[in-house]
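One structure is given below, encoded as structure tokens.
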Amino acid sequence: MAASDRKQESIFSKHLMWPAFKGTFAKLNPVTLWRNPVMFAVEIGGAVTALTFFYDIISGKGSDPAWFPGAVSVLLWLTVMFATFAESLAEGRGKARAESLRKSRTRIMARKVKQAEPTAPAREVNANDLRKGDLVVVGANEMVPGDGDIVFGAALVDESAITGESAPVVRESGGDRSAVTGGTRVTATDGIVVRITADPGETFIDKMVGLVEGAKRRKTPNEIALNILLIALTIIFLLVVFNLNSLSSYSVQSAGRGDMVSLVVLIALFVCLAPTTIAALLPAIGIAGMDRLFSRNVMAMSGRAIEAAGDVNTLLLDKTGTITLGNREAVEFIPIGGHSEQELVDAALMSSFTDETPEGRSIIVLAKQKGSRLQELPAHAAPVPFKADTRISGLDLEDHSYRKGAPDSITRYIEKRGGSIPEELESRVTAIAKAGSTPLAVTRDSEVLGVINLKDIIKGGIQERFSQLRKMGIKTVMITGDNPLTAAAIAAEANVDDFLAEAKPQDKLKLIRDYQADGYMVAMTGDGTNDAPALAQADVAVAMNTGTQPAREAANIVDLDSNPTKLLDIVEIGKQILMTRGNLTTFSIANDIAKYFAIIPAALTSVYPQLKTLNLMHLHSPHSAILSAVIFNAIVIPFLIPLALKGTRYRPMPAEKLLVYNLFIYGLGGVIAPFIGIKLIDMLVTI
Numbered sequence: 070m071a072a073s074d075r076k077q078e079s080i081f082s083k084h085l086m087w088p089a090f091k092g093t094f095a096k097l098n099p100v101t102l103w104r105n106p107v108m109f110a111v112e113i114g115g116a117v118t119a120l121t122f123f124y125d126i127i128s129g130k131g132s133d134p135a136w137f138p139g140a141v142s143v144l145l146w147l148t149v150m151f152a153t154f155a156e157s158l159a160e161g162r163g164k165a166r167a168e169s170l171r172k173s174r175t176r177i178m179a180r181k182v183k184q185a186e187p188t189a190p191a192r193e194v195n196a197n198d199l200r201k202g203d204l205v206v207v208g209a210n211e212m213v214p215g216d217g218d219i220v221f222g223a224a225l226v227d228e229s230a231i232t233g234e235s236a237p238v239v240r241e242s243g244g245d246r247s248a249v250t251g252g253t254r255v256t257a258t259d260g261i262v263v264r265i266t267a268d269p270g271e272t273f274i275d276k277m278v279g280l281v282e283g284a285k286r287r288k289t290p291n292e293i294a295l296n297i298l299l300i301a302l303t304i305i306f307l308l309v310v311f312n313l314n315s316l317s318s319y320s321v322q323s324a325g326r327g328d329m330v331s332l333v334v335l336i337a338l339f340v341c342l343a344p345t346t347i348a349a350l351l352p353a354i355g356i357a358g359m360d361r362l363f364s365r366n367v368m369a370m371s372g373r374a375i376e377a378a379g380d381v382n383t384l385l386l387d388k389t390g391t392i393t394l395g396n397r398e399a400v401e402f403i404p405i406g407g408h409s410e411q412e413l414v415d416a417a418l419m420s421s422f423t424d425e426t427p428e429g430r431s432i433i434v435l436a437k438q439k440g441s442r443l444q445e446l447p448a449h450a451a452p453v454p455f456k457a458d459t460r461i462s463g464l465d466l467e468d469h470s471y472r473k474g475a476p477d478s479i480t481r482y483i484e485k486r487g488g489s490i491p492e493e494l495e496s497r498v499t500a501i502a503k504a505g506s507t508p509l510a511v512t513r514d515s516e517v518l519g520v521i522n523l524k525d526i527i528k529g530g531i532q533e534r535f536s537q538l539r540k541m542g543i544k545t546v547m548i549t550g551d552n553p554l555t556a557a558a559i560a561a562e563a564n565v566d567d568f569l570a571e572a573k574p575q576d577k578l579k580l581i582r583d584y585q586a587d588g589y590m591v592a593m594t595g596d597g598t599n600d601a602p603a604l605a606q607a608d609v610a611v612a613m614n615t616g617t618q619p620a621r622e623a624a625n626i627v628d629l630d631s632n633p634t635k636l637l638d639i640v641e642i643g644k645q646i647l648m649t650r651g652n653l654t655t656f657s658i659a660n661d662i663a664k665y666f667a668i669i670p671a672a673l674t675s676v677y678p679q680l681k682t683l684n685l686m687h688l689h690s691p692h693s694a695i696l697s698a699v700i701f702n703a704i705v706i707p708f709l710i711p712l713a714l715k716g717t718r719y720r721p722m723p724a725e726k727l728l729v730y731n732l733f734i735y736g737l738g739g740v741i742a743p744f745i746g747i748k749l750i751d752m753l754v755t756i
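For what it's worth, my numbering labels the leading residue of the sequence shown as 70, then goes sequentially.
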């Protein structure tokens with residue numbers, strides 16, 4: 070199922086409704102329902118009122134009209150069924166997506182080898198027999214038999230089975246894009262060797278299937294706390310109802326007037342006063358939250374991770390690929406030392422002829438735009454590849470040597486060859502760095518000809534997103550390996566709050582710990598093995614699916630699209646989930662106020678005539694009032710199912726303003742809606 074299809078799928082799609090309807094009845098099993106104590110109590114109430122109805126019909130001794138216990142019983146069962154339907158519908162969406170993932174796990178045979186060489190002797194085995202550490206060879210148009218890291222070779226891999234994107238992606242050994250997922254297909258390669266990193270049943274797709282089905286979804290701390298609150302309120306209302314029964318019995322006996330409150334009325338009173346709305350929708354909110362993340366191709370390994378994302382107040386973001394486009398572009402040639410621009414352009418092109426990096430290709434493009442006459446690699450050329458220790462690359466010809474690289478590395482290179490460094494080199498390099506770009510010095514033999522300005526391109530709209538985060542009270546911190554001058558300029562242009570320059574793995578880890586020690590909730594992204602310690606330390610750790618296995622194992626959220634900016638979406642969805650739960654809880658509790666004025670006067674007016682003044686809605690009769698309140702209590706649940714599954718809209722604003730806004734909408738709305746709804750229902754049932 071493509072990502073776009075998942076996003077456009079309707080909540081009430083036909084192929085989801087029937088399984089959800091069947092699941093509704095399966096969840097009525099008391100063995101299952103007891104995990105939701107409030108709805109379990111309502112189910113017991115439905116059973117008791119049903120028995121009362123049949124007893125009254127047979128004996129003819131009921132204190133209420135014969136139809137009344139039956140009507141209340143039906144409504145209580147509907148209340149429970151609406152709750153189980155909401156949960157089944159939320160789970161059904163996940164199960165439908167899990168089914169599309171299962172299709173990728175077809176029977177696969179693997180070619181197991183003992184050496185990391187595609188030509189090594191292979192033994193064919195079933196993929197289910199592979200274990201961690203095994204080496205397998207995968208060729209073109211073959212399925213990857215299990216999760217692993219490429220330890221030899223490179224390939225184009227079709228990952229549409231898990232990402233929904235049809236374009237194949239590059240996976241290669243020796244970098245941060247070495248991870249491959251079982252069930253994906255290699256579309257082009259000369260042969261790769263994969264080291265298996267997961268046993269059968271523990272693969273990434275296995276975990277995804279379990280998570281999206283909800284089978285492994287555990288209640289989050291906030292859910293547990295809210296459940297405890299709901300149980301406490303349920304116990305309180307049970308005690309209230311029990312005491313009302315004793316009070317009415319005593320009053321009837323002492324005053325000699327009125328009728329005792331019947332068992333059916335007491336049960337109806339309890340159900341209407343208990344927080345049934347939020348209890349009915351709470352499981353669906355949690356399941357739907359994980360489902361909304363998955364619709365954006367993000368896998369949360371636990372509900373706790375999503376909720377933590379909602380509480381995040383510090384975001385650590387890599388510069389490259391997150392804040393910038395990821396590939397620096399050559400934008401200017403700056404000659405120095407009396408050399409012409411044409412000399413510099415030709416030398417830059419020579420030094421970049423064999424440079425296959427995006428930066429190298431951009432230098433070639435700019436050089437040709439500047440009129441370089443060189444069109445092909447000269448004969449007898451000897452490439453000089455880039456090395457991490459030298460930070461220089463270039464080309465050697467029979468008569469000249471061309472180099473480009475970091476200015477300090479070029480300085481050492483020239484000094485070793487006995488050359489001199491132009492005085493203006495340092496000022497040019499400093500000016501480029503202060504502007505947020507990266508300077509590369511270019512040489513011919515032992516002369517520095519000039520500097521190339523490589524500019525980091527800030528992603529469009531990223532400044533506005535950071536401004537939104539600031540309104541949400543979230544601090545943004547850019548992490549980069551650039552020097553402090555370049556980092557400061559890019560941070561200012563991108564509108565981030567702070568930055569960490571020349572960052573090493575231990576620096577990232579220390580920064581996270583420092584923020585956490587100050588009470589901050591920290592989120593970060595990463596894809597490399599060197600990011601794993603920091604990811605493990607962060608409260609919310611988002612790993613790229615293209616990243617290494619250690620990074621994915623250290624994270625609690627995996628982005629299948631490997632788009633680092635998804636971290637911003639994850640935070641918004643996390644906050645949306647917390648808001649949805651809080652808003653519906655507020656609405657549910659506020660509902661009770663109107664129900665007090667509907668049921669309590671109806672139940673006790675015969676004993677305490679003074680309570681008639683509380684009948685503010687002027688309901689027709691005690692029985693119609695109770696029935697109207699129970700009907701409203703039941704039908705409000707299905708009306709709120711779309712809101713529970715889609716989530717309330719998040720508005721970037723300070724927490725105190727957001728609290729006031731939501732209290733006004735869901736608190737005041739929760740008070741007013743039942744008054745209107747119960748009155749309209751009472752008018753309908755008494756026509």
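Cβ coordinates follow ideal geometry from the N, Cα and C atoms, glycine included.
Non-local C-beta neighbours of Phe137 in its own chain, meaning closer than 6 Å and more than five positions away in sequence, comprise His692, ordered along the chain. Its Cα nearest to that of Phe568, the residue Ala557 stands out among Glu562, Ala557, Phe402. Separation of the CB atoms of Val740 and Ile662 is rounded to 5 Å, and the pair is thereby assigned contact status at 8 Å.
Counting along the chain, the unbroken beta strand (DSSP E) around Ile219 starts and ends at 217 to 221. DSSP, reduced to helix, strand and coil, places Thr507 within a strand of the structure shown. For the pair of segments examined, the region 445 to 463 was found not to touch the region 539 to 555: the number of CB pairs separated by less than 8 Å stays below three.
Burial state of Ile392 is buried, judged by a 10 Å Cβ sphere holding 16 or more other Cβ atoms. Nearest neighbour of Glu725 by Cα position, chosen from Asn660, Lys540, Gly595, turns out to be Lys540. Every alpha helix (DSSP H) of 4 residues or more that sits fully in the region 318 to 378 is shown, in chain order, as 332 to 342, 345 to 364. DSSP places Gly519 in the uninterrupted beta strand (DSSP E) bounded by 516 to 524. Contact between Ile559 and Val517 does not hold, since the beta-carbon distance rounds to 26 Å and is not under 8 Å. Residue state for Met648 is assigned as helix, using DSSP reduced to three classes. Beta-bridge partners assigned by DSSP to Glu401: Asn522.
Leu647 and Leu295 have their alpha carbons spaced roughly 11 Å apart.
Secondary structure of Met178 (DSSP, three-state): strand.
Contact between Arg497 and Ile432 does not hold, since their C-beta atoms are separated by about 17 Å, which reaches or exceeds 8 Å.
In the three-state reduction of the DSSP assignment, Thr266 falls in the coil class. One Cα belongs to Asp630, the other to Cys341, and the distance between them is close to 46 Å.
Non-local C-beta neighbours of Tyr735 in its own chain, meaning closer than 6 Å and more than five positions away in sequence, comprise Asn652, Thr655, Phe656, ordered along the chain.
Taking the Cβ atoms as the reference, Ile265 lies roughly 5 Å from Gly217, within the contact range of under 8 Å. At the C-beta level, Asn314 and Val333 stay beyond 8 Å of one another.
DSSP places Arg430 in the uninterrupted alpha helix (DSSP H) bounded by 427 to 438. Note that the region 347 to 367 does not touch the region 561 to 575; fewer than 3 beta-carbon pairs, one per stretch, sit closer than 8 Å. A straight-line Cα-Cα distance of about 33 Å links Gln618 and Ser421. Pro670 counts as buried, since at least 16 other C-beta atoms from the protein chains shown sit within 10 angstroms of its C-beta. The count of Cβ pairs closer than 8 Å, one atom from the region 510 to 524 and one from the region 462 to 474, reaches three, so the stretches are in contact. Counting only residues of its own chain and dropping the five nearest sequence neighbours on each side, Val249 has a CB closer than 7 Å to the CB of Val213, Gly217, Ile219, Val226, Arg240, Val263. Here DSSP, grouped into helix, strand and coil, assigns Ser247 to coil. Boundaries for Lys577: no beta strand (DSSP E) harbours it, while the alpha helix (DSSP H) harbouring it runs 574 to 586, taken from the DSSP string. Proximity to Ala742 across Thr93, Gly129, Phe701 peaks at Phe701, based on C-alpha coordinates.
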